[in-house]
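Student: Protein sequence lines correspond, in order, to chains G and X. For the first sequence, numbering that gives the first Met the number 0 assigns the number 294 to the last residue and increments by one with no breaks. For the second sequence, numbering that gives the first Met the number 0 assigns the number 305 to the last residue and increments by one with no breaks. C-beta: ideal position from N, C-alpha, C; glycine also.
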Amino acid sequence: MIIIGENIHVIAKDVSTAIRERNAQVIQSLAKEQAQNGANYIDLNVGPMKKDTEETMKWLVNCVQEVVDLPLSIDTMNPVAMEAGLKYCKKRPLLNSASGKTDSKTQMLPLAKKYNCDVVISVMTDKGMPPEVESKIESIMETVSYANELGIPNEDIWVDPIILPVSTAGEGQRIAVGNLEFIKILQDVLPGVKSTVGLSNVSNGVPAHLRPILNRTYLVMLNRYGLYSAIADPLDEELMAFVRGENPEITDLIYRTMDGEEIDLSPLSQKEVAYVKTARVLMAQTLYSDAWLEV
Amino acid sequence: MEYKEPREAYKGVIREITIGKGEKTLKIGGENILPLHFFDEGSLPNPPKFALEVLDMEPTEKTPHLYEPFGDVISDPIKWAKKCEGFGVDAICLTLLSTDPAEKDVPADEAAQLVKQMVNEIKKPLIVYGSGDEKKDAEVLPKVAQVCSGDNLLIGPVQKENFEVVGKAILDHGHVAIAQSPLDINLLKELNVKLCKFLPPERVVIDPLSSALGYGIEYSFSLIERVKQIGIITKDSMTMMPIIANLGDECWKTKQAKENKTQGLLWEGITALSLYLAGANILVLKHPETLKLVKETIGGNGTCQN
Ligand code: B12
Ligand code: SF4
């Protein structure tokens, strides 16, 4: 699985300050750490970046490329910032992201063609987020065929089903299950496309110390169905161990839970029990609450 | 081919809970079917029950058509409660509004004495609500529990901010807790999980918060419906508790209910009926004529089957 390191993100206060003050050290150490921990891409989530766009993107991209040898994922909704970023990338970058929205189709997708890069395309449309697996598939097929017409082949497209927090009033769990189904059938409907998810969003709104286990368990589940890549936190050692295929016992427990097996928890370690309970929540076998590990 | 009626059988059972003691008892819950699914396998041993709300102080805002049936007893909570008994209630719900620091900030002892006196003088089981101020309730409700030890009252609201101290007193003195969370199914389950670490789930009733018609009733409806489905269909132990819909006050706060009597009765009546259909096990109303209206609508045995 390809891991796109998520830690250079303007929502983080130190990152936005560092970018504003051109503090290369902060950015570079974040990039290096992620690379050392096994990230395959470095995501540069710069937000809308309305001011000094060109100059800032140039500085940021070069700043990261000075210290790591990885390809970059340019993460912004602003096509001007996107182009500025792509322009300076030395390795074939990832355009993150386009969608089925009209603006995105007319402004982002042509950039992917122009710079001959890989592109994340999400299931979003002008009407917002399609609610069901079927409507997501419908929407992505339409956008992908639009991209194909522009000359972007399936192999360059990384489809994103959009992950939402599992903790939101019941709906979140249904969507978590739906996205597993989506990844499972994706190759049948769009052969050759790749896939990606914003993994950490599954645990958004959950108390901070409980977030990692949700992220890790969900990654294992998505991986089972062939997920190609994830935007995630490479500094989470245990997550990266799963990515390398370590922890086969826990992986097996998660798979068995997914298959609906009633696993006897009594002989399991505390850690194993936690993973089984988390998988149950992500499969919507039991109603989510912040106390899910205490039940 | 012969037609066979589809009949579902469910795994979960809502816990049956008894409130009150001796002659003055009341059972709620116990069903293993979804609301009004009488065509499925299972039964509803205890059709929904109704309580009228009594305040422990004379209301400051006296909507005339709301308080008119009670005449001058609204300055005396005991007489008010007795009058309610004449209107065919299953229980009395006493709200200790005066203890609210924003009202009279009446001390816990004084409030608890009133509750005890009411328990002694009325013939129906008693539900007691604190003012909803988490800090003050953490003093008032344990005191009520202690002074009325063994009376098996239904006491709340137990909230995430005070569940430890209030829940403990309810456990020690043999009462039932009303676990209240702000209209959110995940928070509702979380509170029950935490509470049931020391309080048996057989001593918990869920208050999901009841919003009035036009003021978020769709939230309350779908929440109650979902809690019931998850309890009965998937047998989630932490949602298999009976539900209390304390809706009277929410309805009479609305501009529409205050405007005129017919509108008020209908506002409260439609809200009550909706939450009854969603699956509430006990409903708290304010106006005796609404009570009559709702009872007539759902029929004598409370099951809409006449
Ligand atoms: C019930 C409810 C409603 C009811 C209100 C019922 C009533 N009696 O007034 C209705 C359906 C009318 C409603 C409408 C809206 N709501 Co509302 N509502 C809730 C809900 C489910 C529960 C709140 C509650 O009763 N808490 C328990 C009581 C005891 O606590 P309280 O703090 O006293 O609650 C009062 C206030 O929260 C207030 N209120 C309710 N919603 C809103 C929204 C805003 C912006 C404000 C200022 C006040 C307010 O009314 C409550 C009852 O008096 C929460 C979700 C949640 N689980 O918390 C969302 C929630 C509070 N609502 C929200 C929103 C966005 C709205 C709307 C703006 C939606 C819209 N786009 O129209 C409107 C605006 C209403 C307004 N101007 O007051 C958001 C607020 C997000 C934020 N942080 O800004 C929440 C958190 C849900 C969410 N995650 O999206 N809401
Ligand atoms: S209950 Fe009334 S006010 Fe509320 S959404 Fe429905 S129609 Fe609108």
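Please decide whether X/Thr238 counts as near chain G, where near means a Cβ-Cβ distance under 8 Å.
Tutor: Working through the second sequence from its first residue, we reach residue 238 of chain X at position 239. Answer yes: the Cβ-Cβ gap between X/Thr238 and chain G drops below 8 Å somewhere.
Student: Since X/Glu52 sits in a beta bridge, which residues does DSSP pair it with?
Tutor: Along the second sequence, one-based indexing puts residue 52 of chain X at 53. BP columns for X/Glu52 point to X/Cys92.
Student: I need the boundaries of the beta strand (DSSP E) containing X/Ala176, first residue and last residue.
Tutor: Counted from its first residue, the second sequence places residue 176 of chain X at position 177. Here the beta strand (DSSP E) through X/Ala176 covers Val175 to Gln179.
Student: Taking X/Gly129 and X/Thr98 to be in contact with their CB atoms under 8 Å, please state how far apart those CB atoms are, rounded to whole angstroms.
Tutor: Counting from 1 along the second sequence, the entry for residue 129 of chain X is found at position 130. Counting from 1 along the second sequence, the entry for residue 98 of chain X is found at position 99. That pair is a contact at about 7 Å.
Student: Between X/Ile229 and the rest of its own chain, which residues show a CB-CB distance below 7 Å, the 5 nearest in sequence each way excluded?
Tutor: In the second sequence, residue 229 of chain X corresponds to position 230, counting from 1. The answer, listed in chain order, is Asp235 and Thr238.
Student: Please go through the same chain and pick out, in chain order, the residues whose beta-carbon is closer than 8 Å to the beta-carbon of G/Arg91, but skip the five residues on each side of it.
Tutor: Numbered from its first residue, the first sequence carries residue 91 of chain G at position 92. Result list for G/Arg91: Pro70, Asn115, Cys116 and Asp117, in chain order.
Student: Hey, would you say G/Val165 sits closer than 8 Å to G/Leu226, going by beta carbons?
Tutor: Numbered from its first residue, the first sequence carries residue 165 of chain G at position 166. Numbered from its first residue, the first sequence carries residue 226 of chain G at position 227. No, these two residues do not count as a Cβ contact at 8 Å.
Student: What's the C-alpha gap between G/Pro233 and G/Thr277?
Tutor: To locate residue 233 of chain G, count along the first sequence from 1; it is residue 234. To locate residue 277 of chain G, count along the first sequence from 1; it is residue 278. Cα-Cα distance, rounded: 20 Å.
Student: Starting from G/Tyr287, find everything on chain X with Cβ-Cβ shorter than 8 Å and list it in chain order.
Tutor: Counted from its first residue, the first sequence places residue 287 of chain G at position 288. Those are Asn185 and Lys188, listed as they occur along chain X.
Student: What's the call for G/Thr124, buried or exposed, on a 16-neighbour Cβ count within 10 Å?
Tutor: The count along the first sequence starts at 1 and reaches residue 124 of chain G at position 125. When all chains shown are included, G/Thr124 counts as buried.
Student: Output yes or no for whether 8 Å exceeds the beta carbon distance between X/Glu52 and X/Val293.
Tutor: Translated into the one-based positions of the second sequence, residue 52 of chain X becomes position 53. Translated into the one-based positions of the second sequence, residue 293 of chain X becomes position 294. Contact: no.
Student: When you compare the CB positions of X/Tyr66 and X/Pro58, do they come within less than 8 Å of one another, or not?
Tutor: Here residue 66 of chain X refers to the residue found at position 67 of the second sequence. Here residue 58 of chain X refers to the residue found at position 59 of the second sequence. Yes.
Student: Which of the residues in the region 200-230 of chain X, read from start to end, lie with their CB under 8 Å from any CB of chain G?
Tutor: Result list: Arg225 and Ile229.
Student: Would you verify that the beta carbon of X/Lys193 is, or is not, closer than 8 Å to some beta carbon of chain G?
Tutor: Taking the first residue of the second sequence as position 1, residue 193 of chain X is located at position 194. By this cut-off, X/Lys193 is an interface position.
Student: How close, in whole Å, do the beta carbons of X/Val164 and X/Ala137 come, if the pair is a contact with beta carbons under 8 Å?
Tutor: Within the second sequence, residue 164 of chain X is the residue found at index 165, counting from 1. Within the second sequence, residue 137 of chain X is the residue found at index 138, counting from 1. Sure, about 5 Å apart at Cβ, within 8 Å.
Student: With DSSP as the reference, label G/Ile3 as helix, strand or coil.
Tutor: Within the first sequence, the letter at position 4 stands for residue 3 of chain G. Strand at G/Ile3.
Student: Tell me the residue span of the alpha helix (DSSP H) that contains X/Thr261.
Tutor: Here residue 261 of chain X corresponds to residue number 262 of the second sequence, with the count starting at 1. It spans Lys260 to Ala277 - the alpha helix (DSSP H) in which X/Thr261 sits, taken as one unbroken run.
Student: Within 10 angstroms of its Cβ, does X/Asn259 collect 16 or more other Cβ (buried), or is it exposed?
Tutor: Numbered from 1 along the second sequence, position 260 holds the residue referred to as residue 259 of chain X. That one is exposed.
Student: Compare the C-beta of G/Val9 against all C-beta atoms of chain X and say whether one is closer than 8 Å.
Tutor: Counted from its first residue, the first sequence places residue 9 of chain G at position 10. No, G/Val9 does not count as interfacial toward chain X.
Student: Just the chain X side, please: which residues come within less than 7 Å of G/Ser166 by C-beta, in chain order?
Tutor: Mapped onto the first sequence, residue 166 of chain G falls at position 167. Residues of chain X passing the Cβ test: Asn185.
Student: Could one say the Cβ of X/Asp235 lies closer than 8 Å to chain G's Cβ atoms, at least one of them?
Tutor: Here residue 235 of chain X refers to the residue found at position 236 of the second sequence. So yes, X/Asp235 belongs to the interface.
Student: Let me know if X/Met0 comes out buried or exposed under the rule of 16 or more other beta-carbons within 10 Å of its beta-carbon.
Tutor: Walking along the second sequence from the start, residue 0 of chain X turns up at place 1. X/Met0 is exposed by the Cβ-count criterion.
Student: Once the 5 residues before and after X/Pro200 are set aside, which same chain residues still bring their CB inside 8 Å of it?
Tutor: The sequence position of residue 200 of chain X within the second sequence is 201, counting from 1. Arg14, Asn191, Ser236, Met237, Met239 and Met240.
Student: Please check if any C-beta of chain X sits within less than 8 Å of the C-beta of G/Ala290.
Tutor: Taking the first sequence and counting its residues from 1, the one referred to as residue 290 of chain G is at position 291. Cβ-Cβ to chain X under 8 Å: yes for G/Ala290.
Student: Count the other C-beta atoms from every protein chain shown that fall within 10 angstroms of the C-beta of G/Lys193, then say buried if there are 16 or more, exposed otherwise.
Tutor: Within the first sequence, residue 193 of chain G is the residue found at index 194, counting from 1. Result: buried.
Student: Taking 8 Å as the threshold (beta carbon to beta carbon), is G/Val143 in contact with chain X?
Tutor: Here the question's residue 143 of chain G lines up with position 144 in the first sequence. No, because no Cβ of chain X sits closer than 8 Å to the Cβ of G/Val143.
Student: Measuring only between beta-carbons, confirm whether G/Glu293 sits less than 8 Å from chain X.
Tutor: If you number the first sequence from 1, residue 293 of chain G lands on position 294. By this cut-off, G/Glu293 is an interface position.
Student: Using the C-alpha atoms, what's the distance from G/Glu261 back to G/Asp289?
Tutor: The residue you call residue 289 of chain G lines up with position 290 of the first sequence. The residue you call residue 261 of chain G lines up with position 262 of the first sequence. Those two C-alpha atoms are separated by around 22 Å.
Student: Between which two residues does the alpha helix (DSSP H) carrying G/Ser134 extend?
Tutor: Sequence index remark: in the first sequence, residue 134 of chain G carries index 135 (1-based). Unbroken alpha helix (DSSP H) run through G/Ser134: Val132 to Glu148.
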